[in-house]
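Residue numbers (my numbering): 75 to 1218.
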Amino acid sequence: QPIANRRRRLSLALRLSVYWSISILVGLAFIGAYRLWGFKSPAANWALCIGIVVTTFMAIYSYRKNRPDYKAIARNIEQHHSDAKALLLAAIEQEPQGPDGQFGYLQQRVIGEALRHAAGADWLQSVPTKKLIVSYISGIAALSILTVIMAQLLPSTPYLFKIKRGSSTIGYDYQISVSPGDTSIESGTPVVIIARFGRRVPQEAKLLFDLEGQPTQEIALARNLNDPVFGGIIQNVNRDLLYHIEYAGRRTRDYKITVYDYPALTRADAKIVYPSYTKLPERVVLNTRQISAIEGSRIDMTFILNKAVTTAELIPKEGPILKLTVDGRQPNIYTTSITAEQNQRYELHLTDAAGRANKVPHRFVIDVHKNLPAQLKPLFPNRDIQVSPLEELSLEAEVTDDFGVTSYGLSYTFAGQQSKDIILSQTDAASEQKQQMRCTLALEDFGVQPNQLLTYYFWADDIGPDGNVRRTAGDIYFAEVRPFEQIFHESESYVDRGSRQQRERENQDGGQEGQRGEQLVRLQKQIITATWNIKQQTERTGGIEDQKEDIKVVHQSQDDARQQAASALKEADDLSAAGALNEAIKHMGTSLKHLSQAAESAQIEELTSALAAEQAAYQELLKLRQREYNVALARDTQANRSERSAEFERQLQQLELRQNQNRYETQRLAQSEQQENQRENVAIFNRLSDLARRQNEMTDRLRDVQAALRQGQTDEQRQQAGAELARLRDEQLEALRDVDELQQRMDSPESRRDMVDASQQLGDARSGIQQSAEQLQQGQVSNAITSATRAQRQLEQMQDEFRRGTSGQFTEQMRNMRQQAQQLDSRQREVSNLIRRQAESRQKTLTDSGENLKLAERIEQQRKSMEELLEQMKDVSEQAETTEPLLSRRLYDTLRRASTENVDKALEAVGELLRRNFLPQAQDIEQQASEAIAQLRKGVEDAAGSVLGDEAEALRIAQQQLDELLKQVNDEVARAAGAGQFRAGDPNTSTSRGTGMADRRQGGDGLVEAGGAADPNGGGGSQAALWDAIDPNGPLTGRNFRQWSDRLRDVQDLLTEQQLRDEAARVRDRVRSMRADLARHGKEPQWDLVQQLIVNPLSELRNRVNEELARLKSDKVMVPIDRDPVPDRFSDLVRRYYENLGGD
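Rendered as structure tokens:
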């Protein structure tokens, strides 16, 4: 009996779960019908409720009434316990046969075995407990869900998933709900009004709305087929309004649409107060986002907002947040003050009283230019020299500083004496930025002696960032006082002897004492120079801690020099030389002592003492020099200078040697010292050219608008002209951003000294552009034309100072981004055409809904694609901020415009209208979205142009390269065809070809040069003729393979379309494969395959490049429309097709 009860409970639970699940599906269908189509039937809801109750009671009644089927239970037990076999079924079938209802012996035996089996096995598990519990849980869950659904379907409860549609006004026998009811929207966005009726639907409905200060406007609402829904759009809501719906002589209550604005920046001005030492006047930069200032300047920022806000902050990339201060008189003006200490990027974050933040935080970049030390450039003699005791030493140098120097002069020191300064110029204020320094030292007046050392350096004082005088010292130079007599003997030319290594061996074999002295002199000079550089670096940074490792290196070198001097002292035979070495060793020891103390105590004065001791040691070493020299002409004069002392240069140039100079020089590549400057000038020239062109176009468009204003008669024409003026003003403001970017580039430390005048001219041009923008805002078109023309002329004059070129990074990212933007715009135009055709169609049937849903899906795909593109633009803009600021700013501006135009919301509204079959309204909003996407594409293309350059110019270069590459391959194929005619009649061709190829593989790229060995069987003549027939410089079998392949790779990089790039890559792979076969197996290319796999694809690639170039040049150029690439599997069929056409 327990087993029977378990089975009955399981059956009841499963049956109730099924009944309730079916009821859940029916209830969800009712709710969905109301949600989608407004279908609502209280009778159906009550019928469903009654049906649920009836089926539940029927299931319970059936459970209580039905008796268990013991045989079925027995069979179920036997299925779970196979060892019972038919025992339980036989026991159930037994009936009493004896008197008094008793069982027989065999019957008792069967029943007893069944009971014993039941005691040994758990028959209750024939109905698993787990299954019973799952059925209970399923029933409880279904009952809970059903309870919730029925609570929503009954009239006394709200509907599930119901969207608030505003208040409802119920007239006589009419039920209407208005969406969105009372709501708030952003200023300038359209509003879709939906009126949904109940069972009774009027013939027509009208939307009436009142704008503040304007008469009531009326819009006829459109009905979607037979749906009880009317809809309409209020375009560009810029102010609060009241609206209501009128239908069948009735009207709804007034609904209010409240308009709000996100906080936004209208204009940002900067006032730059430069440090007093610069002597620069205050500078006011209007309407700027990028500011360049000198280190220590105070920047007063003024932000004009569209409304008052509760929070206004400048959030830096690194550092504390700057709170903006509200102006006391105008609540929408905020100010702050920034001290220019380091480069910084800020973002302006605004929050209004309602908690709304600005959509896209405006980015401000402050570029701080350091106050660099003065630069000293020696002009004459600009090297270490030898002087006579009676000579007047003339010295010249040039000093350059950002803001001028206060004084400059020369410091000189005789070894063992105190340093002395000669002030060449001194003023209280900073002088001109570039000064010439000249000084003459009359050595005779100083009483100098031969072998005495004079060191000197130029210095200049300027004003540092802290306002104090800062001294900058130049490089130290040596003037060695030579004896009155020096003898030079002409020896055998080194050119005839051989290489520089042989000369070194000869000098070492000489073993002269003077040579060792020269080595010590050179080593000691290097030690002095290193100590001087460490001293200057220490004074510049204000600490010696960072220089301790370098001091240890100098200390080690000085110790090595002392050991070499000690070794030379032991071998010295001359008493004077020994005395000089002894004194030099003493001074070196003093230098080592001061160097050690400098590393330990970190005192700069110890470096000065060490430098004096090193100079004294150097002066003693000068006494070791010989007075007689053997000299000769040599080709590698630069190497000779590095090996012998440079002080003999002037004397050697004055000698008249008998040997003629070898005029056969090896080829050298000229390395321009101005290469970096030229690249920078090229980039600046490109920016100037773009700005000048845009100002020229601006002037022409302003003249057109001026003429339209004069001829305009209607309000619509005047409004169009005013809208065009607003667009032109925005373009001028964008030009201001570009000028600020270029100004920052010119003011960089690398370019500032060379572009002072150009920077000032650019500032004048910026003033003209700024005035033009302000005059456009005030409606002064004539004055704006004058200002733009003046700015254009100034920019064109600046172009003459720079050269044209190309530069840019992020090439691949921008190429892909430009392609995505173009595809997005193309798909949007296609969707626009489909919507237009659908709207123009007069056959409105139920099938329209399916087409509209497909269009809505495509609109949703467009919205997602646009969001992905905007995210990529944001990432690239942030990454390119440092290396490509122009690209970063253009992407940022395009991204900001796209965000403010609410393209995503417009696309979302279009999709919603299409799903509701409001085609005319959807078409209106879609046109706005299409225009915004077109502007987005244009912005991405302009940004990509700053990196990729002119696409037409790139295709033109690719076209020229393809023509040359094709010519080279065709020449080699033609020459190979001529060689094939010769091989056809030569029986020894095969043997000679194999031999030649084997030889050529040993020669690497010089394949042709090694293939001329004669065949011992007499085939040498055939072999030579064969390889003479093949071009030794051919791209496939000759030396020019790598060059040809690299040029084709350059063509691949120039192409923008991915299919063309892939085709170029495939051709390169095929050529590489043929080249590998040639080098590996000596297998000559099959020229028919070369024609088919290389020449023909290259020709096709060139033709497609020509077509792309023609499309870019002019929209009116006629090009084939069936030039899509033929799939590989059909290429043979197409080729045979055209061959058959030609044969006919």
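Every residue, glycine too, gets a C-beta built ideally from N, C-alpha and C.
| Item | Value |
| --- | --- |
| If you drop the 5 nearest sequence neighbours on each side, which residues of the same chain put their C-beta closer than 8 Å to that of residue 668? | 680, 681, 683, 684, 687 |
| From what residue to what residue does the alpha helix (DSSP H) around residue 310 run? | Careful: residue 310 lies outside any alpha helix (DSSP H), inside the beta strand (DSSP E) at 303-311. |
| Measure the CB-CB distance between residue 253 and residue 334 and report whether it falls below 7 Å. | no |
| Between which two residues does the alpha helix (DSSP H) containing residue 519 stretch? | 517-520 |
| Quick check on the burial criterion: 16 or more other C-beta atoms within 10 angstroms. Buried or exposed for residue 582? | Annotation note: pLDDT 46 at residue 582 (below 50); position unreliable, no value reported. |
| Apart from the five residues just before and just after residue 84, which ones in its own chain have a Cβ nearer than 8 Å to its Cβ? | 201, 205, 206, 209 |
| Can you check the stretch 443-506 for any alpha helix (DSSP H) of at least 4 residues that lies completely inside it and give the ranges in chain order? | none |
| So the candidates are 945, 965, 944; which of them puts its Cα closest to the Cα of residue 954? | 965 |
| In the DSSP assignment, the alpha helix (DSSP H) including residue 210 goes from what residue to what residue? | 203-227 |
| Do the stretch 936-952 and the stretch 406-422 touch if we need at least three Cβ pairs shorter than 8 Å? | no |
| Roughly how many angstroms lie between the CA atoms of residue 898 and residue 999, to the nearest whole one? | 17 Å |
| Under three-state DSSP, which class holds residue 1215? | helix |
| Per DSSP, which residues does residue 440 bridge with? Please list them. | 365, 418 |
| State yes or no: is the C-beta of residue 463 within less than 7 Å of the C-beta of residue 555? | yes |
| Given that a residue counts as buried once 16 or more other Cβ atoms are within 10 Å of its Cβ, and exposed if not, what is residue 689? | buried |
| For the putative contact between residue 987 and residue 266, defined by C-beta atoms under 8 Å, what is the C-beta separation to the nearest angstrom? | 7 Å |
| For residue 975, which of 793, 366, 1010 has the nearest alpha-carbon? | 1010 |
| Using the three-state DSSP reduction, which class does residue 315 fall into: helix, strand or coil? | strand |
| Would you please state the rounded distance, in angstroms, between the beta carbons of residue 1176 and residue 960? I believe it to be under 8 Å. | No, residue 1176 and residue 960 are not in contact; Cβ-Cβ is about 33 Å, not under 8 Å. |
| Here's the rule I'm using: 16 or more other beta-carbon atoms within 10 Å means buried, otherwise exposed. How should residue 817 be labelled? | buried |
| In the DSSP assignment, what residue or residues form a beta bridge with residue 530? | 486, 551 |
| Just to confirm my understanding: we take residue 930, look at its own chain, exclude 5 residues before and 5 after, and list those with CB closer than 7 Å. What are they? | 985, 988, 989 |
| Where does residue 134 fall in DSSP's three states? | helix |
| Short check: CB of residue 1263 to CB of residue 281, under 7 Å? | Look at the range of the chain in this structure, 75 to 1218, and you will see that residue 1263 is not part of it. |
| Beta-carbon within less than 6 Å of residue 814's beta-carbon, same chain only, minus the 5 sequence neighbours each way: which residues are those? | 362, 364 |
| Put residue 336 into one of helix, strand or coil per three-state DSSP. | coil |
| Just grab the DSSP bridge partners of residue 343 for me. | 376 |
| In whole angstroms, give me the CA-to-CA distance for residue 480 and residue 656. | 45 Å |
| Less than 7 Å separating the beta-carbons of residue 315 and residue 285? | yes |
| Just the Cα atoms here: how many angstroms apart are residue 544 and residue 371? | 18 Å |
| What residue from 696, 1122, 366 has the CA that sits closest to residue 1142's CA? | 1122 |
| Whose CA, out of 1047, 937, 1026, lies closest to the CA of residue 1180? | 1026 |
| Is the CB-CB distance between residue 809 and residue 864 below 7 Å? | no |
| Which one or two residues does DSSP pair with residue 1041 in a beta bridge? | According to DSSP, which records beta bridges pairwise, residue 1041 is partnered with nothing at all. |
| Would you identify the three-state DSSP class for residue 295, choosing helix, strand or coil? | coil |
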